[in-house]
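Inspection log for the structure reproduced underneath, given as structure tokens.
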Amino acid sequence: MEYLVLKNSDLKVSRLCMGGCPMGGYGWGDTREAELTAAVHTALDQGVTMFDTADTYGLGQSEITLGKALGSHRKDVVIATKFGVRVGGGKTTYDNSPEWIKTACDASLNRLGTDYIDLYQVHYRDSKTPVSVVIDALEELKKCGKIRYFGLSNIYESDIEELKPFVGKFISFQDEYSLACRKNEIQMRSIAEELQMNPMTWGSLGQGILTGKYTKESTFGADDRRSRDIYVNFHGDKLLKNLEIVDVMKEIALKHNKPVSAVAIRFILDYFPDSVVLCGAKRPSQVLGNVEGADWHLDKEDIRKLDEVSK
Ligand SMILES: NC(=O)c1ccc[n+]([C@@H]2O[C@H](COP(=O)([O-])OP(=O)(O)OC[C@H]3O[C@@H](n4cnc5c(N)ncnc54)[C@H](OP(=O)(O)O)[C@@H]3O)[C@@H](O)[C@H]2O)c1
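In my numbering, the protein residues as written are 78 to 388.
Here it is in structure tokens:
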């Protein structure tokens, strides 16, 4: 496994982070708690030390499953969770108010079965609470020992100026990035550099399309988010383009004797040397496929081919 220390912190994390979205048990088709628990144990055995979740994944179920699965290993890992999205009364709203931050943090601690969160992330900004107010509320949680560090997610290049005076406060940010989704690449580089934060990529496997197991005939049930058109990686021209990318990935995977998922992950690890790659997994075999992304490199020709087909 490869590790790095997140900037402006003493958090040492594995560069492959287990993503907790499927652990919510909702919207990913067939997910089973026993397999998800076994997947967490496999990740631990393989040297994965960072686990990402959010209070909204499965409306809290992801945090519960993760906390239980980690058990006595909790002290050995970095738990990253998120707040700021409220689901209730049939609607979803964003809320970064100090009152909600406090309430959400206590609820996450309770569900995770821990008394501290290592990295507490703003899932989405609410476009009304000033950033200084959010920081004050998070600093207060730090003082109480409820969180160790805080980070951001889903921010834009246009946020840079507003966030610049607070460099060093937020230590990381998450954004969607993969060989199937390179539209955020330039903005991620600017944010990482100007705000001195480590980028963390979500949807790193293109929600599964970059594992090489799907074809243009693949379909998903109504209980799977990927059946919906907004999961563009699995629909229309974008799906066909992704399958072209996967064909190139398959060649490269064969050459290096790696699974296709490992090529998806390795591309990000090599292309963004300061990054942490988040990958959701539903069972141990998927974790094993993903950890094969660590500890090797793509050569220049591989990168050129992947770059060309995915640009
Ligand atoms: N900050 C944010 O707003 C945000 C948004 C989304 C996600 N995230 C975080 O980022 C993490 C990663 O994103 P994601 O989970 O949405 O998508 P992803 O990692 O791109 O894809 C995950 C899916 O790919 C399939 N898969 C994983 N490993 C595989 C393997 N080795 N072989 C075959 N199939 C495999 C599984 O689904 P199937 O087996 O059903 O294909 C799995 O659920 C999340 O879990 C979450 O922690 C953050």
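Ideal Cβ placement from N, Cα and C applies to all residues, glycine included.
Here the structure is a predicted model, which is why all the values come from computation and not from measurement.
Going by alpha carbons, who is nearest to Ser281 out of Ser352, Ala341, Gly161? Here residue 281 is taken as the residue at index 204 of the sequence shown, counted from 1. Minimum Cα distance to Ser281 is reached at Ala341.
Drop a sphere of 10 angstroms on the beta-carbon of Cys221, count the other beta-carbons inside from all chains shown, and report buried for 16 or more, exposed for fewer. For the purposes of this step, residue 221 is taken as residue 144 along the sequence shown, with counting starting at 1. Cys221 comes out exposed.
Does the beta-carbon distance from Leu287 to Leu320 come in below 8 Å? The residue given as residue 287 occupies position 210 in the sequence shown. The residue given as residue 320 occupies position 243 in the sequence shown. In this structure, Leu320 does not lie closer than 8 Å to Leu287 by Cβ.
How is the alpha helix (DSSP H) around Asp122 delimited, first residue to last? For the purposes of this step, residue 122 is taken as residue 45 along the sequence shown, with counting starting at 1. First-last of the alpha helix (DSSP H) with Asp122: 110 to 122.
May I ask you to check if the CB of Lys359 is nearer than 7 Å to at least one heavy atom of ligand 1? Here residue 359 corresponds to residue number 282 of the sequence shown, with the count starting at 1. Lys359: yes, Cβ under 7 Å from ligand 1.
Asn173 CB to nearest heavy atom of ligand 1 below 7 Å: Taking the first residue of the sequence shown as 1, we reach residue 173 at position 96. Result no, Cβ not under 7 Å from ligand 1.
Determine, using beta carbons only, whether Ile224 and Ile194 come nearer to each other than 8 Å. In the sequence shown, counting from the first residue as 1, residue 224 sits at position 147. In the sequence shown, counting from the first residue as 1, residue 194 sits at position 117. Result yes, Cβ atoms of Ile224 and Ile194 sit closer than 8 Å.
Range covered by the beta strand (DSSP E) that runs through Glu253: Working through the sequence shown from its first residue, we reach residue 253 at position 176. Segment 247 to 253, the beta strand (DSSP E) holding Glu253.
Can His374 be considered in contact with ligand 1, in the sense that its beta carbon sits closer than 7 Å to one or more heavy atoms? What you label residue 374 is simply residue 297 of the sequence shown in a count that begins at 1. No, the Cβ of His374 stays beyond 7 Å of every heavy atom of ligand 1.
Could you give the first and the last residue of the continuous alpha helix (DSSP H) run that contains Arg343? The residue given as residue 343 occupies position 266 in the sequence shown. Where Arg343 is concerned, the enclosing alpha helix (DSSP H) stretches over 337 to 348.
So what's Asn78 in DSSP terms, helix, strand or just coil? Sequence index remark: in the sequence shown, residue 78 carries index 1 (1-based). At residue 78 the sequence reads Met, which differs from the Asn that was named. Here Met78 sits in coil by DSSP.
Simplified DSSP state of Leu215, which is helix, strand or coil: By 1-based counting over the sequence shown, the position of residue 215 is 138. Leu215 falls in the helix class under three-state DSSP.
How close, in whole Å, do the beta carbons of Phe128 and Val154 come, if the pair is a contact with beta carbons under 8 Å? Within the sequence shown, numbered from 1, the residue matching residue 128 stands at position 51. Within the sequence shown, numbered from 1, the residue matching residue 154 stands at position 77. Confirmed, Cβ separation roughly 6 Å.
With a threshold of 7 Å, establish whether the CB of Gly97 neighbours any heavy atom of ligand 2. Among the ligands in the structure shown, ligand 2 does not appear; only ligand 1 can be found there.
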